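For the sequence shown, position 69 matches number 85 in the working numbering, and the numbering has no gaps at all. Just so you know, even glycine gets a beta-carbon here, dropped at the ideal spot from N, CA and C. Quick caveat: nothing in here was measured; it's all calculated off a predicted structure. Everything on this sheet refers to the single structure shown next.
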Amino acid sequence: MEQKMGIETYPSGTGYALYLGLGLDENLQYSKEPARNFLSTYSGDPADFHKECYEKIFTSLREHWDAYPQIFPEKFQTTWGRYRRYPETAFLTWAFQPGDTDTPHPLSQYLPPISTLMGQYYLLVCLLAVAGCIYLMRRPTGYSVFTHSLFLFGFALIVLIGEPLGRYKCVIFPILCLLAALGLYALYQGIWRLWEYIRHLYASIRVRTAH
Numbered sequence: 017m018e019q020k021m022g023i024e025t026y027p028s029g030t031g032y033a034l035y036l037g038l039g040l041d042e043n044l045q046y047s048k049e050p051a052r053n054f055l056s057t058y059s060g061d062p063a064d065f066h067k068e069c070y071e072k073i074f075t076s077l078r079e080h081w082d083a084y085p086q087i088f089p090e091k092f093q094t095t096w097g098r099y100r101r102y103p104e105t106a107f108l109t110w111a112f113q114p115g116d117t118d119t120p121h122p123l124s125q126y127l128p129p130i131s132t133l134m135g136q137y138y139l140l141v142c143l144l145a146v147a148g149c150i151y152l153m154r155r156p157t158g159y160s161v162f163t164h165s166l167f168l169f170g171f172a173l174i175v176l177i178g179e180p181l182g183r184y185k186c187v188i189f190p191i192l193c194l195l196a197a198l199g200l201y202a203l204y205q206g207i208w209r210l211w212e213y214i215r216h217l218y219a220s221i222r223v224r225t226a227h
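As structure tokens, this is what we get:
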């Protein structure tokens, strides 16, 4: 008897999330159907589900590597472009729907600016996360920490760009926030050192000009 299970019943949904976000159909077009079909017809051991998802991902990347450079910009446009869909503001859109009337809610005019700010906020967090990785790399004993952090950041960024749904963002966002906090700390240290250097340089110039 064919076994059909939901993603929440498997021990790990990470592989499936990536497979769903990186899926290609037989025409090398971006599609979620291959992953969904695989989920609905999978009859193997649930413990091996995520492993087989990763195998399918690597197979797809190996066989269709030349198609992905065209797909990632489309995914990025879906997440951050003009017609992006932000689950963070979806509840506001639902709340401000006019329903049976043609008159929109007065506050609906603020939804596009909110979405734009959301996109800029995520971008800022990603940039700070990169700074956090660089900060860890510069630590004397931070090589292994940097390696793991870079892997986590890369994974988080792929999922963030590949799948804009909130249920995936809520999983990876804490990872980005931790790295972003390190990046913010490193940025603060850099600015403080620059200020101290400028202050000492200005003091030395004043001493020289005084003599």
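DSSP places D64 within a helical segment (H, G or I) once states are collapsed to three.
Separation of E79 and Y58 (C-alpha to C-alpha, rounded to the nearest whole angstrom) is 22 Å. Assignment of S59 by DSSP, reduced to helix, strand and coil, places it in the coil class. In this structure, the straight-line span from the alpha carbon of A147 to that of W208 is close to 16 Å. Note on geometry: alpha-carbon atoms of V141 and A202 lie some 14 Å from one another. Between the alpha carbons of E68 and Y204 lies a distance of about 44 Å. The beta carbon of F74 lies closer than 6 Å to none in the same chain, with the five residues before and after it left out. Apart from the 5 residues on each side of it in sequence, A196 sits with its Cβ closer than 7 Å to the Cβ of V141, L144, A145 and G148 in its chain, given in chain order. Of Y151, K72 and G60, the smallest CA-CA separation from L198 is found for Y151.
A direct Cα-to-Cα measurement between A219 and L200 gives close to 28 Å.
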